[in-house]
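Before any comments, here is the structure.
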Amino acid sequence: MWQRYWEQRGRDFTMLAIAQDARGEAAVAESVRAYGVAFPVLLDPASTIAAALGFRIVPSGFLVDEDARIRRRHTEDFSIGDPRVRATVDAFLDGRAVEPGPRQEQMDPRALEQFAEGVAAQMAGDGPRALRLWRRALELDPENFLIRSQIWSAEHPDRFWPVVDRQWQELQLMKDGYDKPLP
Numbered sequence: 002m003w004q005r006y007w008e009q010r011g012r013d014f015t016m017l018a019i020a021q022d023a024r025g026e027a028a029v030a031e032s033v034r035a036y037g038v039a040f041p042v043l044l045d046p047a048s049t050i051a052a053a054l055g056f057r058i059v060p061s062g063f064l065v066d067e068d069a070r071i072r073r074r075h076t077e078d079f080s081i082g083d084p085r086v087r088a089t090v091d092a093f094l095d096g097r098a099v100e101p102g103p104r105q106e107q108m109d110p111r112a113l114e115q116f117a118e119g120v121a122a123q124m125a126g127d128g129p130r131a132l133r134l135w136r137r138a139l140e141l142d143p144e145n146f147l148i149r150s151q152i153w154s155a156e157h158p159d160r161f162w163p164v165v166d167r168q169w170q171e172l173q174l175m176k177d178g179y180d181k182p183l184p
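Okay, structure coming up:
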């Protein structure tokens, strides 16, 4: 949907995606090709950018001005299909003021370290070790949806490709006793 929105606006803004997939570049490239994505996609398998920007849920979005200042943080389901998101993005791109959004969250640095070790294990072909490390990371930062979804993606890849099964994810969150608003 973002590709279509970008095209409809005549590519009049810089669009950048960050993929956080521990399966690596080949898996991300497959998705980029399948969805016809023409804007740059950076690979951040260890979620270091997520930690720096302070988000724990994907998709998240940031509207950044020409001076590289974040003007809007949107850290829950940043979907252009949502009329509220579209209105905010349109306002920003049209030069109107937008609300800054939620404050930056901090990922638990110990969780991030465990998560990064898990990514290294996954990339080295040791999936079981990766899952153990990711589960430890989730224990340290239980509200971190990035970690949770990486575990799910490793255990249930069919729920993430070719389309992310949001309904299945919501059921998993309820089974896990997640009592916050669903991401």
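The sequence shown begins at 2 in my numbering and counts up one residue at a time.
Yeah, the Cβ is synthetic: ideal placement off N, Cα and C, and Gly gets one too.
List the residues that DSSP assigns as beta-bridge partners of Arg74.
Phe63
Range of the contiguous alpha helix (DSSP H) that encloses Ala121:
Pro110 to Met124
For the alpha helix (DSSP H) that contains Ala28, what are its first and last residues?
Glu26 to Tyr36
Mapping DSSP to helix, strand and coil, what is Ala18?
strand
Quick one: residues in its chain with C-beta nearer than 6 Å to the C-beta of Pro1, no 5 flanking neighbours on either side, listed in chain order?
With the chain covering only 2 through 184, there is no way to say anything about residue 1.
Which of the three DSSP states, helix, strand or coil, is assigned to Pro164?
The sequence as given places Val at residue 164; Pro does not occur at that position. Val164 falls in the coil class under three-state DSSP.
Bridge partners - Val86, DSSP secondary structure assignment
BP columns for Val86 are empty, so no partner.
Looking at C-alpha atoms only, which residue of Leu147, Trp169 and Ala52 is the closest neighbour of Gln107?
Ala52
Hey, how far is the Cα of Gln170 from the Cα of His157?
11 Å
Gln4 and Ser48: beta carbons closer than 8 Å?
no
Mind checking Glu77: buried by the 16 CB within 10 Å criterion, or exposed?
buried
Check whether the Cβ atoms of Gly25 and Pro41 sit closer than 8 Å, and answer yes or no.
no
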